[in-house]
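Chains as they are written, first to last, in our numbering: chain A, 10 to 233; chain B, 10 to 233.
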């Protein structure tokens with residue numbers, strides 16, 4: 010990348026940060042390009058030099074948030090061999106992301122999920138669905154290798170996501186609970202009851218069906 | 010109530026139902042009173058005969074949803090003596106409410122939480138906070154009487170709420186998971202690890218501090 014390309018990127022990132030703050034406060038419909046330009050100390054024409062239109066800006070903010078999520082959460086846990094440790098660490102890191110630096114972008118991804126249309130929406134939805142699959146696959150693996158008692162992987166994945174992603178609705182950075190208390194509390198609440206007590210579940214041989222699965226294969230999967 | 014008062018109420022309920030459907034689809038900012046009137050097969054003047062302004066209509070829809078929630082969930086479980094049974098039944102009924110009849114109103118309460126202003130917002134927020142307190146109190150009681158291992162009541166309350174209220178983001182009425190599978194799965198996931206194994210936690214005498222509480226009193230409570 011050229012030096013001027015980098016500078017343009019930094020400038021654009023600053024615009025996205027400012028726009029994300031405004032959209033978070035006022036909603037997408039309630040924020041005009043004029044207001045975004047003013048908050049960036051630019052003219053509206055100057056803003057349109059950097060961005061095609063408001064929907065493109067929203068898509069870019071969401072992509073920027075998804076990049077942060079994938080870099081700071083998914084890529085860091087993907088290769089943890091034990092599925093329960095992978096899920097626990099994933100929950101901790103995702104809670105950090107939601108409560109710390111990227112909360113604006115995360116809120117917009119979550120709150121404006123129905124605002125994008127067409128291909129842009131399908132693209133962001135695809136990235137979100139990959140995360141759901143990753144969670145479902147990790148829960149399935151945990152059951153299969155005897156690390157978890159039989160839980161329905163889709164329900165478990167969405168329980169995980171609900172616990173983590175709802176935090177943006179109630180968390181106050183200056184509240185009485187620290188991020189660490191919340192993260193450890195949530196990890197404990199979900200996984201204490203999921204992990205199979207040591208020695209209670211036999212580990213099936215590779216390729217063999219799990220011995221104690223109560224989940225018939227026909228109900229695996231779920232949201233259509 | 011007079012017969013004509015009842016008829017007016019029914020008419021108003023039908024207006025709220027229609028408005029709720031539109032606001033759900035398009036968002037509050039994206040829905041005009043003109044569109045609501047048209048969907049109700051009324052003139053705009055006719056609509057203003059029933060409702061003062063759009064913010065009043067939003068407040069009335071949220072109040073209607075909160076009435077439904079309190080009548081169909083909270084009042085039905087409030088008097089269950091065992092705190093764990095109370096919480097389990099509360100989760101089941103709340104999941105039914107979110108997935109069935111009142112999903113539009115629930116979505117609006119959740120999604121447009123920052124749209125109301127002033128007293129109207131404070132009033133709805135107060136009703137929501139009473140629910141959070143009810144959950145925190147029930148988890149505290151479960152720990153105190155030895156029915157639950159020590160969990161932080163605020164984290165547990167928001168874990169419960171996240172699991173239940175996130176469902177509106179992903180649930181598909183024609184999906185592969187039934188409401189009952191989701192409800193039983195969620196109840197199992199949260200409470201399997203919370204309930205104290207029989208006989209492991211001594212029940213303290215009334216007024217006595219719980220013997221095994223790991224939660225120092227100073228961290229109880231949380232969101233500010």
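Glycine included, every Cβ here is placed at the ideal spot set by N, Cα and C.
Would you kindly check if the distance between the Cβ of residue j and the Cβ of residue i is under 8 Å?
i, j, result
"residue 83 (chain A)", "residue 143 (chain A)", "yes"
"residue 4 (chain B)", "residue 66 (chain B)", "Outside the displayed range of chain B (10 to 233) lies residue 4 (chain B), so it cannot be described from this structure."
"residue 139 (chain A)", "residue 93 (chain A)", "no"
"residue 175 (chain A)", "residue 174 (chain B)", "yes"
"residue 115 (chain A)", "residue 177 (chain A)", "yes"
"residue 78 (chain B)", "residue 119 (chain B)", "no"
"residue 80 (chain A)", "residue 117 (chain A)", "no"
"residue 275 (chain A)", "residue 68 (chain A)", "Because chain A here runs from 10 to 233, residue 275 (chain A) falls outside it and cannot be looked at."
"residue 37 (chain A)", "residue 145 (chain A)", "no"
"residue 164 (chain B)", "residue 101 (chain B)", "no"
"residue 171 (chain B)", "residue 172 (chain A)", "yes"
"residue 53 (chain B)", "residue 43 (chain B)", "yes"
"residue 161 (chain B)", "residue 190 (chain A)", "yes"
Suppose you measure from the CA of residue i to the CA of residue j; what does that come to, to the nearest Å?
i, j, result
"residue 24 (chain A)", "residue 151 (chain B)", "49 Å"
"residue 97 (chain B)", "residue 198 (chain A)", "15 Å"
"residue 104 (chain B)", "residue 136 (chain B)", "18 Å"
"residue 71 (chain B)", "residue 188 (chain A)", "31 Å"
"residue 39 (chain A)", "residue 57 (chain B)", "24 Å"
"residue 211 (chain B)", "residue 203 (chain A)", "Any reading at residue 211 (chain B) needs caution, since the residue's pLDDT is 47, under 50, leaving its predicted position unreliable; the model's value is listed next. When rounded, the distance between both Cα atoms is 24 Å."
"residue 125 (chain A)", "residue 205 (chain B)", "46 Å"
"residue 35 (chain B)", "residue 45 (chain B)", "11 Å"
"residue 89 (chain A)", "residue 134 (chain B)", "41 Å"
"residue 159 (chain A)", "residue 194 (chain B)", "11 Å"
"residue 182 (chain A)", "residue 108 (chain A)", "7 Å"
"residue 18 (chain A)", "residue 26 (chain A)", "12 Å"
"residue 258 (chain A)", "residue 41 (chain A)", "This structure leaves residue 258 (chain A) out entirely; chain A is present only between 10 and 233."
"residue 55 (chain A)", "residue 113 (chain A)", "24 Å"
"residue 95 (chain B)", "residue 86 (chain A)", "37 Å"
"residue 47 (chain B)", "residue 63 (chain B)", "14 Å"
"residue 192 (chain A)", "residue 154 (chain B)", "26 Å"
"residue 147 (chain A)", "residue 200 (chain A)", "13 Å"
"residue 99 (chain A)", "residue 169 (chain A)", "10 Å"
"residue 32 (chain A)", "residue 49 (chain A)", "13 Å"
"residue 131 (chain B)", "residue 141 (chain A)", "35 Å"
"residue 91 (chain A)", "residue 149 (chain A)", "12 Å"
"residue 10 (chain B)", "residue 127 (chain B)", "Its pLDDT being 44, under 50, residue 10 (chain B) is placed unreliably in this model, and the coordinates cannot settle the point."
"residue 76 (chain B)", "residue 111 (chain A)", "36 Å"
"residue 30 (chain A)", "residue 184 (chain A)", "21 Å"
How would you write the range of the alpha helix (DSSP H) that residue i sits in, first residue to last?
i, result
"residue 201 (chain A)", "188-201"
"residue 140 (chain B)", "127-153"
"residue 57 (chain B)", "53-59"
"residue 179 (chain A)", "176-179"
"residue 47 (chain A)", "42-48"
Give me the chain D residues within the contact set of residue i, using Cβ-Cβ distance strictly less than 8 Å, ordered along the chain.
i, result
"residue 164 (chain B)", "Checking the listed chains, one finds no chain D in this structure; the protein chains it contains are A and B."
Identify every run of the beta strand (DSSP E) within the segment 73-116 of chain A, keeping only runs that are complete inside it and at least 3 residues long; order them along the chain. For the segment 73-116 of chain A, not a single whole beta strand (DSSP E) run of length 3 or above is found.
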